[in-house]
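Chains as they are written, first to last, in the working numbering: chain A, 3 to 94; chain B, 195 to 297. Note sheet for the following structure.
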């Protein structure tokens, strides 16, 4: 499933134009990204929670040369699936 | 941030009413959830993808009684962030020199 499929389904079900729905879908993704970039969490009941986690700096190895490379600390987006959705997927 | 705040932000940007925006947001979530239930994956360019993984059946122990219990195999949904989203969240300040910069 892609954005296109989601947009078409929603346009069909709401009577909104595909253009209006596509814009809302893009904004949905963009605003979640912006919130995470600001370090904010987003909790969506029955779906899951988008969060930002800190990864500590560490030493890694270049697997080709075996050379040690420092990996700086960084922030990564994570999504924790809600129990409701987990159970729904597990039961089907 | 809550779903209500997210709806508010989208309504401001799109010019749709809050009511219509709320319906669209619920339908986005419903579409993703339904796809995952059907074992389908959802790829959202520039954001990430939602997929389903199979966890193998295993034997576990009831920590209280020590009895061995069979845990059946099951499907679990997960999200993989796109390189774009990862770069956005990490910010320009801490991006490593060895990592390829995402657009």
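Positions of the beta carbon are idealized from the N, C-alpha and C atoms, including for glycine.
Out of curiosity, what's the CA-to-CA distance linking residue i and residue j?
i, j, result
"residue 5 (chain A)", "residue 24 (chain A)", "8 angstroms"
"residue 35 (chain A)", "residue 231 (chain B)", "25 angstroms"
"residue 136 (chain B)", "residue 239 (chain B)", "It is not possible to answer for residue 136 (chain B), since the shown part of chain B is limited to 195 through 297."
"residue 91 (chain A)", "residue 207 (chain B)", "33 angstroms"
"residue 8 (chain A)", "residue 73 (chain A)", "37 angstroms"
"residue 291 (chain B)", "residue 282 (chain B)", "Caution is warranted here: a pLDDT of 46 is assigned to residue 291 (chain B), below 50, making its placement in the model unreliable, and the coordinate value is therefore given only provisionally. Each residue's alpha carbon lies about 16 angstroms from the other."
"residue 33 (chain A)", "residue 198 (chain B)", "13 angstroms"
"residue 286 (chain B)", "residue 212 (chain B)", "33 angstroms"
Quick one: does residue i have its CB under 8 angstroms from some CB of chain A?
i, result
"residue 219 (chain B)", "yes"
"residue 252 (chain B)", "no"
"residue 263 (chain B)", "no"
Using the beta-carbon count (16 or more within 10 Å), is residue i buried or exposed?
i, result
"residue 257 (chain B)", "exposed"
"residue 267 (chain B)", "exposed"
"residue 210 (chain B)", "buried"
For residue i and chain B, any beta-carbon pair shorter than 8 angstroms?
i, result
"residue 61 (chain A)", "no"
"residue 53 (chain A)", "no"
"residue 14 (chain A)", "no"
"residue 42 (chain A)", "yes"
Any heavy atom of the ligand FMN closer than 7 angstroms to the beta-carbon of residue i?
i, result
"residue 50 (chain A)", "As presented, the structure is devoid of all ligands, the ligand FMN included, so that no description of it is given."
Please compile the residues from chain C whose C-beta is within a distance smaller than 8 angstroms of the C-beta of residue i.
i, result
"residue 33 (chain A)", "No chain C is present in this structure, whose protein chains are A and B."
Counting pairs of beta carbons, one from the stretch 76-90 of chain A and one from the stretch 52-62 of chain A, are three or more of them closer than 8 angstroms?
-> Result yes; three or more Cβ-Cβ pairs closer than 8 angstroms.
Given a limit of 7 angstroms on CB to CB distance, which residues of the stretch 82-93 of chain A reach chain B?
-> Those would be 83, 87, 88, 90, 91 and 92, in chain order.
Any 3 or more C-beta pairs closer than 8 angstroms across the stretch 60-72 of chain A and the stretch 25-32 of chain A | No: fewer than three Cβ pairs fall under 8 angstroms.
Would you check if the stretch 238-248 of chain B and the stretch 214-225 of chain B touch, i.e. whether three or more CB-CB distances between them fall below 8 angstroms?
-> Flag = no, the stretch 214-225 of chain B and the stretch 238-248 of chain B do not touch.
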